[in-house]
Amino acid sequence: MPELPEVESVVRAIGPLLRGAVLGKVRLLRADILEPPGIDLVTCLAGRSVRSVERRAKRIIFLLDNDHRFYIHLGMTGQLTVEPPGEPLRKHTHLLIEFAAKTLRFVDARRFGGIWWLGKDGPADDGLGPEPLQLPAAELAHRLAGTRRIIKSALLDQKIIAGLGNIYADEALFLAGIRPQRRADRLSHEQTMRLSRSIKTVLRQAIAHGGSTVRDYRNADGKPGEFQKRHRVYQRTGLPCVVCGTVILRRVLGGRSAHFCPKCQH
DNA sequence: ATCGGTACCTGCACGC
DNA sequence: TGCGTGCAGGTACCGA
10 MPELPEVESV VRAIGPLLRG AVLGKVRLLR ADILEPPGID LVTCLAGRSV
60 RSVERRAKRI IFLLDNDHRF YIHLGMTGQL TVEPPGEPLR KHTHLLIEFA
110 AKTLRFVDAR RFGGIWWLGK DGPADDGLGP EPLQLPAAEL AHRLAGTRRI
160 IKSALLDQKI IAGLGNIYAD EALFLAGIRP QRRADRLSHE QTMRLSRSIK
210 TVLRQAIAHG GSTVRDYRNA DGKPGEFQKR HRVYQRTGLP CVVCGTVILR
260 RVLGGRSAHF CPKCQH
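For the first sequence, the working numbering assigns the number 10 to the initial residue and increments by one for each residue that follows.
1. Measuring CA to CA, which of Leu-32, Trp-125, Leu-262 and Ala-217 is closest to Phe-108?
2. Could you give the distance in angstroms between the alpha-carbon of Ala-40 and the alpha-carbon of Lys-272?
3. Figure out for me which residue from Gln-167, Arg-206, Arg-239 and Arg-192 has the closest Cα to the Cα of Met-12.
4. Quick one: residues in its chain with C-beta nearer than 7 Å to the C-beta of Ala-215, no 5 flanking neighbours on either side, listed in chain order?
5. When you compare only the Cα positions, how much space is there between Arg-78 and Phe-71?
6. Exposed or buried, which one is Ala-229 when buried takes at least 16 other CB atoms within 10 Å?
7. Does the region 98-107 come close enough to the region 20-37 that 3 or more CB-CB pairs lie under 8 Å?
8. Is it buried or exposed, Asp-76, if we count other Cβ atoms within 10 angstroms and call 16 or more buried?
9. For the alpha helix (DSSP H) containing Leu-50, name the first residue and the last one.
10. My output table needs one value for Tyr-80: the three-state DSSP class, helix, strand or coil.
11. Pop quiz: Met-202 and Ala-154 are said to be a contact at Cβ under 8 Å. What is the actual Cβ separation, rounded to whole angstroms?
12. Tell me which same chain residues have a C-beta within less than 7 Å of the C-beta of His-218, skipping the five on either side of it?
13. By Cβ distance, which residues of its chain are closer than 7 Å to Arg-191, with the 5 residues on each side in sequence left out?
14. Using 10 angstroms around the beta-carbon of Lys-67, count the other beta-carbons present and answer buried if the total reaches 16, otherwise exposed.
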């Protein structure tokens, strides 16, 4: 579920609630969602407080008062919520952290997400390319010129650009008028410039609308996003293009669904 | 060394 | 009702 806009929405909601808060009881209900295995998370967190909650790509990074850090990745179905204490445990709840008057909960049915303990020195952006909203167009062009893959797959590669997923890759390519199966290193200068703008536009719009809820995504307060109502191609297979009325197509590219308008995208 | 394919895991929608 | 199939927002790993 969660791509950059969903993760950003969660961080914006959780940050103000947890900044400065002292951790109470910690319950890790499934040890196998923790990396590296064998870390004693409960001991690591005992008595600490939260200095800040930040986003890097799709990672939610918690900085503690002793300069140790960990991050949570939501995978496909992860949910991170802040609720009053004592709410009933939902199925697939893997981590509970109690604060004075609220509880942070990590729930993830498919368990593609998890918790990564970094300590003081572990790199938080291991294997991640640049942030899309800070990426100059020329730098994006340079990175895309270096791969022979199709543009859709390149946009999903977190080492090339970090934070896009299947929804926003498709939406950005539609906005830019580029077919997902075009080769990344064969885009014209103009197309690359349009793509750079489109990525930023679609991410900013999605953040403004609280992200997209396809099925599982919820913000920290349990509410779904709204941007799915404004998707132009993602999961609109067989429906008319909002610009030209042509039927939206779906193709499997690199093992993922790609949605596009065959008339608007070249 | 880059890249495509597959595996990981659960739940849901659909057709029969 | 139940069963089988296909699909889902992500990423790590495996050979070619």
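Glycine included, C-beta positions come from ideal geometry on N, C-alpha and C. Owing to the predicted nature of the structure, the values given are computational and were not obtained by experimental measurement.
In terms of the structure at hand:
1. Walking along the first sequence from the start, residue 108 turns up at place 99. When only C-alpha atoms are compared, the closest one is Leu-32.
2. Against the first sequence, residue 40 aligns to sequence position 31. Against the first sequence, residue 272 aligns to sequence position 263. Between Ala-40 and Lys-272, the C-alpha separation is close to 50 Å.
3. On the first sequence, position 3 is the one that residue 12 refers to. Looking at the sequence itself, residue 12 is Glu, so the reference to Met does not match. Measuring from the Cα of Glu-12, the nearest candidate turns out to be Gln-167.
4. Here residue 215 refers to the residue found at position 206 of the first sequence. For Ala-215, where only same-chain residues beyond five positions count, the Cβ hits under 7 Å are Pro-14, Tyr-177, Ser-221 and Phe-236.
5. Taking the first residue of the first sequence as 1, we reach residue 78 at position 69. Taking the first residue of the first sequence as 1, we reach residue 71 at position 62. C-alpha separation (whole angstroms): 6 Å.
6. Here the question's residue 229 lines up with position 220 in the first sequence. With 16 or more other Cβ atoms inside 10 Å of its own Cβ, Ala-229 counts as buried.
7. yes
8. Taking the first sequence and counting its residues from 1, the one referred to as residue 76 is at position 67. Exposed, since its Cβ has fewer than 16 Cβ neighbours within 10 Å.
9. For this step, residue 50 is matched to residue 41 along the first sequence. Note, Leu-50: alpha helix (DSSP H), 50-54.
10. Along the first sequence, one-based indexing puts residue 80 at 71. In the displayed model, Tyr-80 falls within a strand according to three-state DSSP.
11. As a first step, residue 202 must be located in the first sequence, where it is residue number 193. As a first step, residue 154 must be located in the first sequence, where it is residue number 145. Met-202 to Ala-154, Cβ: 13 Å. No contact.
12. Translated into positions along the first sequence, residue 218 becomes position 209. So the list reads Gly-234, Glu-235, Phe-236 and Arg-239, once near-sequence residues are dropped.
13. As a working note, residue 191 is residue 182 in the first sequence. Excluding residues within five positions, the ones whose Cβ falls inside 7 Å are Ile-159 and Ile-160.
14. Position 58 of the first sequence, counted from the first residue, corresponds to residue 67. The residue in question, Lys-67, is buried, as its Cβ has 16 or more Cβ neighbours within 10 Å.
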